[in-house]
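In UniProt numbering, the protein residues as written are 1 to 381.
Glycine is no exception: its CB is placed at the ideal position from the N, C-alpha and C atoms.
Since the structure is predicted, the reported quantities are computational estimates derived from the model, not experimental observations.
To keep things clear, I will list the structure first and then write my remarks on it.
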Ligand SMILES: *Cc1c(COP(=O)(O)O)cnc(C)c1O
C-alpha cells in the first residue's frame, strides 16, 4: 500500500481527461445528461444520489482509512443519524461511551429514544461494565477514542471482540484521532464515523461528515438511506474537505508536536490540578493509545485547580487560543465543555466536571501558544 500522504494527494484524483486540470473540479450541476433513457455517463443522474466532486472525496477518504467504501455527508451528525437508522430498529439497544460527543448523546437520548431505541452509557475502558451493559437486543457498540472532552482511551481491538461475540457491530467515531493517527477498521471495527469538520477538513471552514466501511451490503444501505434522507455535502463543501485532507499528515504531526509541549507545560503549572492527555505516561490509557495510535493527537484537556470560576477565567484570558467550540483546525481554540460543547449533558451521567477546560492545539508556533496559555494561567493563581 502507498504511504498515507501519497494516498491523501492521489487516491481518486487524476488530472481531468479533457482539460488536464490537475486539481479536482467543483461540479455544481444538480442533474446530468443521459444518452438515451437510463444512459448515464458514469452513473451520475442527480446530485443528491451522487456527484463527481463528492465521489473523489469519498475515494480519498476510503483510501485514508484503509476501507473499501466511504460515504461523505453534510455533517458528522448527518453521517451518524444515517448509520444509526440503518443499524437500529425500535426495541434495539446500543451502548455509547459515558463521555460521548455531546451531539451524539443528544441524538441518541432525545431523538432516537422517541423511536423506541434504548441506550446505556458505559465507560468503555471498563470491559466488565461493557459486558454487563450488553443485552440480547444490543446491535451497536459506539466507541470514541480518544473521547471528547475527557481524552479517555478505549481498546478498539478488545471492543471489537466483545461486540462481535454479542452479535453487535463496533462503530468507531475516529474524529479526534483522524485516520493519520488511527485506523479502526484494521483493528476490527465495522464502521468508522468522521466529523470531517475537524481534523480531516482542518481549516475550520467547512462542516461535513463521513462513514467508512469494508462491508459491501452495509455500504449499499448507507447509499440508499442517504439518498432517501438527503444529508449530502454540497460540491464546494466536498472540495474544501478534499483539499484540506491532502495535508492531513503534516498538520497532524505539528498538532501532536504542539500538544505534547502544551501538555508538558500544563503538567508543571500550579493553576492546573490535572492534565488529560493520552501522551502523558501517567494517563490511564497511555499504553493502549501507544499500541493503536501513531501519536497522541492535538487535543488536551485539563482541570483548573481553582474550580469552575478559574476555568471560566482561563477560557476568557487567552488571546491566541480563541474561545470557541469545535476543534481540529489550524488555529488553536479553548473552551469550557460544561457550559459550551457539552451543556446538553448537564444532569445526565455524561455531565463533565465544571473545572474542565478543553484545548484544540493548533499548528501555530509552539512558543507563542505556551506564552499565551501561561499568561492566562498565571492570572488565576
Ligand atoms: C464535531 C463532532 C461530531 C459531529 O460532527 P458535525 O460535523 O459537527 O456534525 C461527532 N463526533 C465528534 C467526536 C465530534 O467532535
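Check	Outcome
Using a Cβ-Cβ cutoff of less than 6 Å, which residues in the same chain neighbour residue 382 once the five nearest sequence positions on both sides are dropped?	An answer regarding residue 382 cannot be provided, because it is not within the stretch 1 to 381 covered by the chain.
Find the nearest neighbour of residue 236 within the set 53, 277 and 38, judged by alpha-carbon distance.	53
Flag residue 372 as yes if its beta-carbon sits less than 7 Å from any beta-carbon of chain B, otherwise no.	Among the chains in the structure shown there is no chain B, since it carries only a single protein chain.
In the DSSP assignment, find the unbroken alpha helix (DSSP H) run with residue 104 in it and report its ends.	102 to 106
Are the region 238 to 256 and the region 358 to 377 touching by the rule of at least three beta carbon pairs closer than 8 Å?	yes
Using the three-state DSSP reduction, which class does residue 134 fall into: helix, strand or coil?	coil
In or out: residue 28 buried (at least 16 other Cβ within 10 Å) or exposed?	exposed
Hey, which residues come within less than 6 Å of ligand 1, measuring from Cβ to any heavy atom, in chain order?	75, 76, 77, 101, 103, 104, 144, 148, 173, 175, 176, 195, 197, 198, 207 and 209
Within 10 angstroms of the Cβ of residue 383, are there 16 or more other Cβ atoms? Answer buried if so, exposed if not.	Shown here, the chain extends from 1 to 381; a query on residue 383 therefore has no answer.
Is the region 202 to 219 touching the region 64 to 82, taking contact as three or more C-beta pairs under 8 Å?	yes
State yes or no: is the C-beta of residue 122 within less than 7 Å of the C-beta of residue 171?	no
Ignore the nearest five residues each way along the sequence and tell me which others in residue 269's own chain have a CB closer than 6 Å to its CB.	377
Could you tell me the distance, in whole angstroms, from the CA atom of residue 162 to the CA atom of residue 231?	31 Å
Please list the terminal residues of the continuous alpha helix (DSSP H) segment that includes residue 6.	4 to 10
Given residue 119, which residues of its chain have a CB within under 8 Å of its CB, disregarding the five upstream and five downstream residues?	93, 94, 95, 96, 108, 109, 112 and 113
Excluding five sequence neighbours on each side, which residues of the same chain lie with their C-beta closer than 6 Å to the C-beta of residue 77?	103
Classify residue 209 as helix, strand or coil using the three-state DSSP reduction.	strand
How far does the beta strand (DSSP E) with residue 169 in it reach, from first residue to last?	169 to 173
List the endpoints of the continuous beta strand (DSSP E) containing residue 335.	333 to 335
By Cβ distance below 7 Å, which residues in the same chain neighbour residue 129 in space, the five residues on each side in sequence not counted?	122 and 123
DSSP three-state label for residue 149, please.	coil
How many angstroms separate the CA atom of residue 312 from the CA atom of residue 273?	15 Å
Which residue's Cα is closest to the Cα of residue 301: 287, 367 and 176?	176
Using three-state DSSP, classify residue 25 as helix, strand or coil.	coil
To test your reading of the DSSP string, which unbroken alpha helix (DSSP H) runs of 4 or more residues are found completely within the region 180 to 260?	216 to 229 and 235 to 246
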